[in-house]
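Residue numbers (the working numbering), protein chains in the order written: chain B, 1 to 455; chain H, 456 to 937.
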């Protein structure tokens with residue numbers, strides 16, 4: 001972790017301010033130097049498909065803008081004043097204090113300060129997310145853990161049958177998080193479940209968080225992010241969890257996922273199969289309707305795939321590209337820099353998803369090195385390729401005549417709103433985007449030939 | 456002060472007595488400045504600001520052939536490809552070859568905050584050398600590196616010897632100054648110490664223009680006097696920067712940007728600075744032309760030129776004024792740049808209903824406070840009743856905008872236009888600021904505002920659908936900030 005980076009795919013732990021913003025009517029209160037918060041926003045807001053400041057983000061985020069004084073004498077007093085004022089000025093349901101490097105090094109106790117300044121109906125919690133503690137995946141984990149410990153707290157669960165919590169995508173860092181959560185909620189609701197997705201426009205904001213202890217089951221939908229939260233809930237609330245390391249994309253993965261959830265909850269099979277059958281029928285018709293293109297242009301389609309992604313989205317993509325689109329995943333560059341045990345989880349997930357997939361894994365946080373490696377491999381293999389990448393990879397795709405689909409951050413020349421690439425609905429959109437890429441340089445007809453041999 | 460030998464330049468908070476809060480009339484702020492009376496009352500509620508490192512980046516990220524090592528955790532660095540696009544666009548605008556920014560991050564982690572980060576910094580500089588073969592390497596310090604106390608200066612000297620290229624420390628730690636513009640000074644200071652040389656010869660027709668990335672506005676402006684612009688620092692290479700001391704004079708697109716560097720160039724290398732506000736608006740452009748002509752021995756050309764230029768722009772200016780006259784504008788921009796804008800809109804016949812500058816330098820390096828851009832602004836635009844200083848703070852500015860109800864706003868920074876947008880008010884994002892310079896800049900500004908006013912429709916929908924996060928209590932408070 002913490003290797004030299006030229007082209008960023010992640011930011012520091014303080015990036016978790018965007019995790020807080022993913023909860024409706026929650027406001028981050030930043031205890032850090034004056035530029036930290038704005039940087040996080042620039043990278044994960046406009047830099048992630050032009051996601052804006054929304055209700056409480058961007059320039060509106062309260063911040064101590066810590067200076068020499070707080071570094072020399074400590075910043076708890078100033079933070080306390082800021083919290084008090086924030087409760088008066090900002091209309092929100094939850095206030096999450098995040099410490100940056102200055103406070104982290106000086107050793108301000110943000111958790112205690114937060115606690116001291118919370119007020120009736122105005123919950124305030126504190127988390128040390130100093131930038132040097134790790135990347136924003138680590139920051140996200142720290143915030144989730146703090147929310148459960150400090151905000152949800154010790155509670156006697158009143159378990160509701162059919163209620164599940166989903167720990168999955170990271171708000172903003174994953175540019176399609178809103179659409180993805182919509183699809184996850186749609187699928188699980190389709191099974192007849194009540195779902196806390198915890199983030200995004202379809203969550204109930206803080207009420208879903210308060211409801212966490214009452215779930216019958218927790219679902220971790222990612223190889224490693226969210227696993228700690230599920231374990232914590234198991235300890236605190238005795239909630240069992242299932243670990244689903246493959247983010248379901250497409251018919252096969254989504255059906256399998258839904259069946260495992262149903263099995264874990266011992267749900268009525270007929271109802272579950274009914275829902276799946278209905279979704280599958282629709283999906284298959286769409287898929288078949290593109291069959292003419294697959295058949296006509298079979299010699300032009302990309303069969304080599306390069307995946308640049310974090311663990312969560314990458315494992316799902318590898319699974320889908322291999323199983324449904326018949327692609328050969330050449331390399332999966334995982335950029336979220338998991339620690340050794342998390343990396344093992346990713347390898348296990350890949351092995352389970354398909355033979356040989358684990359061998360495609362390369363952990364690399366610098367997109368400049370990733371680009372260079374892909375260029376080399378394409379030159380060597382001379383195959384038409386699909387790159388699941390980002391705006392960093394535009395030139396590479398151009399030079400290698402590859403199809404580029406923006407899969408992760410940064411995305412600076414595409415607007416992303418409710419788009420999703422997961423589940424049934426998302427997979428169809430992903431298919432649209434991949435094969436639209438065939439026509440990037442113009443139309444292909446029955447008289448087109450030879451162009452791709454130039455790779 | 457001439458502290459060029461010191462590793463660090465004094466921050467603006469102390470050197471220029473800069474402030475980040477004020478409310479009153481423009482003339483009152485000028486009085487405060489003249490008497491060095493601090494109107495500053497600390498805020499107990501503040502929203503996130505910007506930091507010196509971000510300003511330093513605008514200077515050192517775009518030097519042709521140089522590399523930058525950001526010695527920080529990833530958050531101070533996390534970058535995106537827009538950085539290359541910005542250079543590409545600006546290079547196209549100036550008709551010069553584009554290049555890629557060469558920036559890497561040492562990615563400080565917990566270990567470095569305990570044992571020090573010099574080992575990693577060295578590794579990062581070596582990586583930069585290996586990947587880019589740069590003509591120089593900037594090292595940007597950060598809060599983490601600064602508090603831990605990494606001796607960047609010594610390592611820089613050591614590695615400059617090893618690699619045979621300038622290694623330029625830039626001490627732009629965010630926590631050190633409340634004034635983010637201190638970062639400009641930090642970056643220029645690094646260049647002045649490690650790169651700029653004594654002039655071997657003088658180039659009598661060369662004018663240093665301190666600017667950001669931007670188009671080639673100054674060639675046609677200076678051509679009329681038989682002069683050439685020397686655009687600094689973005690897009691220049693290290694050799695051009697080293698020889699900035701050869702220029703006939705120095706000027707800038709905004710005093711907030713150039714105050715320190717033009718002063719040091721004058722004191723250390725005898726490059727005279729132009730004692731006139733930047734060429735924004737007719738009166739200021741006139742003054743600027745006269746002063747540039749005087750300093751470069753071309754005074755006899757100035758009056759005819761000014762007369763001809765006034766005649767040339769008159770017809771279109773009259774047309775624009777017919778359309779725009781009386782429109783109410785609110786200006787929300789960096790210190791002197793806001794003054795520049797006030798000068799411009801006055802020439803378009805518009806009414807300034809309010810100005811918020813993001814800080815205020817009570818002093819300018821080596822200049823009489825009577826000649827501040829603020830005072831020059833008051834002279835051309837008249838006093839401004841609603842004049843405030845604050846470091847962004849939308850919770851404060853929202854009240855000022857609502858009270859003054861402008862037709863549109865001029866805003867200098869990203870993520871600040873959204874405030875106007877959510878209020879249904881079109882904002883002109885002054886991202887590329889070279890284009891507003893000179894007589895033609897005035898016309899262009901008029902045309903852009905005319906187009907901008909068409910945004911009313913989409914923004915009124917935004918206004919309708921938006922909810923602000925501020926409590927009723929706050930919106931009903933009389934005071935603008937707490």
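Yeah, the Cβ is synthetic: ideal placement off N, Cα and C, and Gly gets one too. Because the structure is a prediction, the values reported are computed rather than measured.
Rounded to a whole number of angstroms, what is the C-alpha to C-alpha distance between residue i and residue j?
| i | j | result |
| --- | --- | --- |
| residue 860(H) | residue 493(H) | 29 Å |
| residue 917(H) | residue 50(B) | 16 Å |
| residue 453(H) | residue 484(H) | Residue 453(H) is absent from the structure shown; chain H starts at 456 and stops at 937. |
| residue 659(H) | residue 753(H) | 11 Å |
| residue 453(B) | residue 299(B) | Because the pLDDT of residue 453(B) is 48, which lies under 50, any placement of that residue in the model is unreliable, and the question is left without a value. |
| residue 205(B) | residue 62(B) | 20 Å |
| residue 127(B) | residue 243(B) | 26 Å |
| residue 441(B) | residue 414(B) | 18 Å |
| residue 7(B) | residue 578(H) | 17 Å |
| residue 456(H) | residue 198(B) | Low confidence applies to residue 456(H): its pLDDT is 42, below 50, so where it sits in the model is not reliable enough to give any reading. |
| residue 281(B) | residue 324(B) | 15 Å |
| residue 20(B) | residue 646(H) | 40 Å |
| residue 883(H) | residue 843(H) | 19 Å |
| residue 78(B) | residue 812(H) | 24 Å |
| residue 18(B) | residue 933(H) | 32 Å |
| residue 160(B) | residue 214(B) | 6 Å |
| residue 455(B) | residue 400(B) | Because residue 455(B) sits at a pLDDT of 49, beneath the cut-off of 50, its placement in the model cannot be relied upon, and the following sentence gives the value as read from the coordinates. Going from the Cα of residue 455(B) to the Cα of residue 400(B) covers about 6 Å. |
| residue 553(H) | residue 544(H) | 8 Å |
| residue 874(H) | residue 58(B) | 10 Å |
| residue 180(B) | residue 423(B) | 8 Å |
| residue 782(H) | residue 886(H) | 22 Å |
With DSSP as the reference, identify every bridge partner of residue i, one or two as the case may be.
| i | result |
| --- | --- |
| residue 90(B) | 925(H) |
| residue 332(B) | 307(B), 361(B) |
| residue 692(H) | 519(H) |
| residue 384(B) | Beta-bridge pairing links residue 384(B) to no other residue. |
| residue 624(H) | 594(H) |
| residue 243(B) | 220(B) |
| residue 478(H) | 843(H) |
| residue 505(H) | Residue 505(H) is not bridged to any residue. |
Buried or exposed for residue i, going by 16 or more other Cβ atoms inside 10 Å?
| i | result |
| --- | --- |
| residue 491(H) | exposed |
| residue 550(H) | exposed |
| residue 616(H) | exposed |
| residue 209(B) | buried |
| residue 255(B) | buried |
| residue 461(H) | exposed |
| residue 826(H) | exposed |
| residue 240(B) | exposed |
| residue 339(B) | exposed |
| residue 131(B) | buried |
| residue 53(B) | buried |
| residue 165(B) | buried |
| residue 246(B) | buried |
| residue 288(B) | exposed |
| residue 770(H) | exposed |
| residue 815(H) | buried |
So residue i and residue j are in contact, right, with Cβ under 8 Å, and what is the actual spacing, rounded?
| i | j | result |
| --- | --- | --- |
| residue 898(H) | residue 737(H) | Contact doesn't hold; Cβ gap of about 11 Å is too wide. |
| residue 80(B) | residue 630(H) | About 19 Å; that fails the 8 Å criterion. |
| residue 735(H) | residue 795(H) | 4 Å |
| residue 84(B) | residue 117(B) | 6 Å |
| residue 948(H) | residue 528(H) | Since the first residue shown for chain H is 456 and the last is 937, residue 948(H) is missing from the structure and cannot be characterised. |
| residue 514(H) | residue 715(H) | Not confirmed; about 11 Å, so no contact. |
| residue 9(B) | residue 409(B) | 6 Å |
Quick check: is the beta carbon of residue i nearer than 8 Å to any beta carbon in chain C?
| i | result |
| --- | --- |
| residue 929(H) | Included in the structure are the protein chains B and H, with no chain C among them. |
Is residue i close to the ligand GTP? I mean its beta-carbon at under 7 Å from any heavy atom of the ligand.
| i | result |
| --- | --- |
| residue 59(B) | Judged by which ligands are present, the structure shown has none, so any question about the ligand GTP falls away. |
Taking the runs of the alpha helix (DSSP H) that are 4 residues or longer, which of them lie wholly in the segment 173-212 of chain B? The segment 173-212 of chain B contains these whole alpha helix (DSSP H) runs: 177-190, 206-210.
Any chance you could list the beta strand (DSSP E) runs of at least 3 consecutive residues sitting entirely within the segment 850-916 of chain H, in chain order? 863-866, 882-884
Curious, which full-length alpha helix (DSSP H) runs of at least 4 residues does the segment 684-761 of chain H contain? 693-697, 710-724, 737-750
May I have a chain-ordered list of the alpha helix (DSSP H) segments no shorter than 4 residues that lie completely inside the segment 40-88 of chain B? 68-73
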